[in-house]
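Counting along the sequence shown from 1, when you hit position 19 you're at 34 in this note's numbering, and nothing is skipped either side.
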Amino acid sequence: MATILIDKLLQTVVNRKASDLHLAVGQPPVLRVDGHLKKLETKVLGPDDTVALMKSITPERCQQELQEVGGADFGFAFGDMARFRVSVFKQRGNVGLVLRQIPVHLMNFKDLGTPPVLAKLCERPRGLILVTGPTGSGKTTTLAAMIDYINQNFDHHIITVEDPIEFYHVHKMSTVNQRELGVDVPSFAEAIRRALRQDPDVIMVGELRDLETIETAITAAETGHIVFGTLHTTGAQGTINRIIDVFPVSQQEQIRTQLSTAVIGVLSQALLPKIGGGRVAAYEMLIVNSATANLIRESKTYRITSVIQTGHKQGMQLLDDHMFKLWRDGLVEKTEVLFRSNNPEDLAGKIAAAERGMFESEEDGTQAADKATGPSVTRRE
């Protein structure tokens with residue numbers, strides 16, 4: 016019964032292009048479609064239903080982990096149609112599940128609309144590239160595209176450490192070995208340490224979640240490897256600060272020096288609902304040049320935002336500037352960009368000025384042209 020039900024539910028997720036499926040006692044199954052939660056018009060789930068659904072897809076070791084620590088994560092394939100990252104957990108003594116759909120087909124940089132300079136960064140021989148953003152902002156999809164770009168174009172040895180493995184990579188020009196936490200290796204830090212003895216060119220770390228992992232990732236980047244990692248931070252400036260803050264005060268100066276040479280780029284992203292359905296990503300891109308390296312070393316990270324603003328020619332861009340462009344191009348609603356903006360007040364002012372400009376030009380083109388030559392021009396922002 017449960018197997019039939021889970022198959023039907025997963026088919027619905029695929030058909031409706033939902034990103035997530037939520038199963039909780041006391042309500043029907045819920046889908047997240049284009050960022051919004053929608054209840055399915057089926058029966059309300061009882062405690063036995065969620066237990067049966069959990070057992071129908073959860074490996075034995077994860078069922079044991081659920082009993083012991085109250086939660087477990089794993090990945091599984093729904094035939095050839097989709098893969099899912101599953102989180103099972105206990106809440107109020109009952110079992111709950113959240114299933115995140117992972118696209119079967121890898122997307123490339125063009126599909127994702129990432130800044131063009133990202134491909135150049137992936138070609139560098141060493142350094143740490145950080146992909147950051149809140150949960151559900153598409154970091155895993157971006158990392159998969161980065162791995163696939165290298166896999167298609169370079170004869171490298173790529174090692175990924177994931178919790179759980181989401182996108183499966185086949186060997187193309189590169190050799191790709193994917194290790195899963197809890198199945199192939201006990202921890203991220205242990206996997207990176209081992210990887211350094213496995214002749215890697217590229218190491219991808221699913222999540223830089225603790226001091227030991229961050230430390231080993233920085234060391235790997237310093238010793239001549241390209242390392243990709245993710246953090247749940249917003250904006251390039253916040254990302255650098257978060258890494259430094261993880262370390263004890265006595266080590267922070269040393270870490271600043273190491274980071275200034277190890278980090279070569281920070282891509283920060285947010286996912287926004289698109290007008291007419293679907294979603295679109297907005298990106299912030301920081302390239303660590305000598306000026307940025309000095310700011311990191313000298314603990315002046317508050318000036319990183321202005322470095323990005325002036326580094327447009329090098330391929331840098333601010334998240335809010337990209338969001339403004341997405342709004343101006345009619346792809347996303349004003350409320351959505353302001354909600355996810357790093358600096359909502361400034362962005363609101365910029366949008367208001369643009370709206371005034373549009374309104375004036377519609378009213379009277381010549382009037383707008385006259386105003387543009389006057390002293391109170393608002394479009395320089």
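Beta carbons are placed, not taken as given, at the ideal position from N, Cα and C, and that holds for glycine.
Would you call the segment 243-257 and the segment 309-328 touching, i.e. three or more CB-CB distances under 8 Å?
-> yes
With 16 as the cutoff for other CB atoms within 10 Å, does S321 come out buried or exposed?
-> Numbered from its first residue, the sequence shown carries residue 321 at position 306. Classification of S321: exposed, given that the 10 Å Cβ count is below 16.
Is the beta carbon of M338 less than 8 Å from the beta carbon of R312?
-> In the sequence shown, the residue the question calls residue 338 occupies position 323. In the sequence shown, the residue the question calls residue 312 occupies position 297. Not in contact: M338 and R312 (Cβ atoms no closer than 8 Å).
Which runs of the alpha helix (DSSP H) spanning at least 4 residues fall entirely within the segment 38-99, listed in chain order?
-> Entirely contained in the segment 38-99, the alpha helix (DSSP H) runs reaching 4 residues are, in chain order, 62-72 and 75-84.
Taking L310 as part of the alpha helix (DSSP H), name the residues at either end of that continuous run.
-> Against the sequence shown, residue 310 aligns to sequence position 295. First-last of the alpha helix (DSSP H) with L310: S305 to R312.
Cβ pair count under 8 Å reaching 3, the segment 170-177 against the segment 266-279 | Touching, no.
On the three-pair Cβ rule with 8 Å, is the segment 360-367 touching the segment 339-350?
-> yes
For T245, the first and last residue of its enclosing alpha helix (DSSP H) = Within the sequence shown, residue 245 is the residue found at index 230, counting from 1. Premise fails: T245 lies in the beta strand (DSSP E), I241 to L246, not in any alpha helix (DSSP H).
Residues near V303 in its chain [Cβ-Cβ closer than 7 Å; skip 5 each side] | As a first step, residue 303 must be located in the sequence shown, where it is residue number 288. Setting aside the 5 residues that flank it on each side, V303 is surrounded in the same chain by V278, I279 and G280, each with a C-beta closer than 7 Å to its C-beta; the list follows chain order.
Going by DSSP, what residues sit across from G111 in a beta bridge?
-> On the sequence shown, residue 111 is found 96 positions in, with the first residue counted as 1. Paired residue(s): F104.
Evaluate T57 with the Cβ neighbour count: other Cβ atoms within 10 Å of its Cβ, from every protein chain shown; 16 or more gives buried, anything less gives exposed.
-> On the sequence shown, position 42 is the one that residue 57 refers to. The residue is exposed, with fewer than 16 neighbouring Cβ atoms inside 10 Å.
Which residues in the same chain as G8 place their Cβ atom closer than 6 Å to its Cβ, once the five residues preceding and following it in sequence are excluded?
-> Since the displayed the chain opens at 16 and closes at 396, residue 8 lies outside it and no answer follows.
Compare the Cα-Cα distances from P43 to each of Q26, G61 and R194 and report the closest residue.
-> Taking the first residue of the sequence shown as position 1, residue 43 is located at position 28. Nearest C-alpha to P43 among Q26, G61 and R194: G61.
8 Å contact criterion, which A160 and L121 should meet: CB distance rounded | The count along the sequence shown starts at 1 and reaches residue 160 at position 145. The count along the sequence shown starts at 1 and reaches residue 121 at position 106. With a Cβ gap of about 6 Å, A160 and L121 count as contacting.
How would you write the range of the alpha helix (DSSP H) that S275 sits in, first residue to last?
-> In the sequence shown, the residue the question calls residue 275 occupies position 260. Element bounds for S275: V264 to A277.
Give the DSSP-derived three-state secondary structure of P215 in the structure shown.
-> As a working note, residue 215 is residue 200 in the sequence shown. The answer is coil: DSSP assigns P215 none of H, G, I, E or B.
Going by the CB atoms, is the gap between L286 and R294 shorter than 8 Å?
-> Start at 1 with the first residue of the sequence shown, and residue 294 comes out as number 279. Start at 1 with the first residue of the sequence shown, and residue 286 comes out as number 271. Less than 8 Å divides the Cβ of R294 from the Cβ of L286.
By how many angstroms is the C-alpha of Q332 removed from the C-alpha of K135?
-> Translated into the one-based positions of the sequence shown, residue 135 becomes position 120. Translated into the one-based positions of the sequence shown, residue 332 becomes position 317. Spanning the two alpha carbons is a distance of roughly 15 Å.
Exposed or buried, P201, counting other C-beta atoms within 10 Å across all chains shown (16 or more means buried)?
-> Sequence index remark: in the sequence shown, residue 201 carries index 186 (1-based). By the Cβ-count criterion, P201 is exposed, with fewer than 16 other Cβ atoms from all chains shown falling within 10 Å of its own Cβ.
E227 in three-state terms, based on DSSP | As a working note, residue 227 is residue 212 in the sequence shown. Correct three-state label for E227: helix.
Start-to-end residues for the beta strand (DSSP E) that takes in L301 = Taking the first residue of the sequence shown as 1, we reach residue 301 at position 286. First-last of the beta strand (DSSP E) with L301: R294 to I302.
Span of the alpha helix (DSSP H) around Q329 | On the sequence shown, residue 329 is found 314 positions in, with the first residue counted as 1. Counting along the chain, Q329 falls outside any alpha helix (DSSP H), and DSSP gives it neither H nor E.
So what does DSSP say about S34, is it helix, strand or coil?
-> As a first step, residue 34 must be located in the sequence shown, where it is residue number 19. In the structure shown, S34 adopts coil according to DSSP, grouped into three states.
Cβ shell of T65 (< 8 Å), same chain only, five flanking positions each side left out | Counting from 1 along the sequence shown, the entry for residue 65 is found at position 50. The residues are L38, A39, V40, N109, V110, G111 and L112.
Beta-carbon contacts of V48 that lie in its chain and below 8 Å, excluding the five residues immediately before and after | Reading the sequence shown from its first residue, position 33 is the one you call residue 48. Answer for V48: R31, K32, A33 and S34, listed in chain order.
Would you call M69 buried or exposed, if buried means 16 or more other Cβ atoms sit within 10 Å of its Cβ?
-> On the sequence shown, residue 69 is found 54 positions in, with the first residue counted as 1. Classification for M69: buried.
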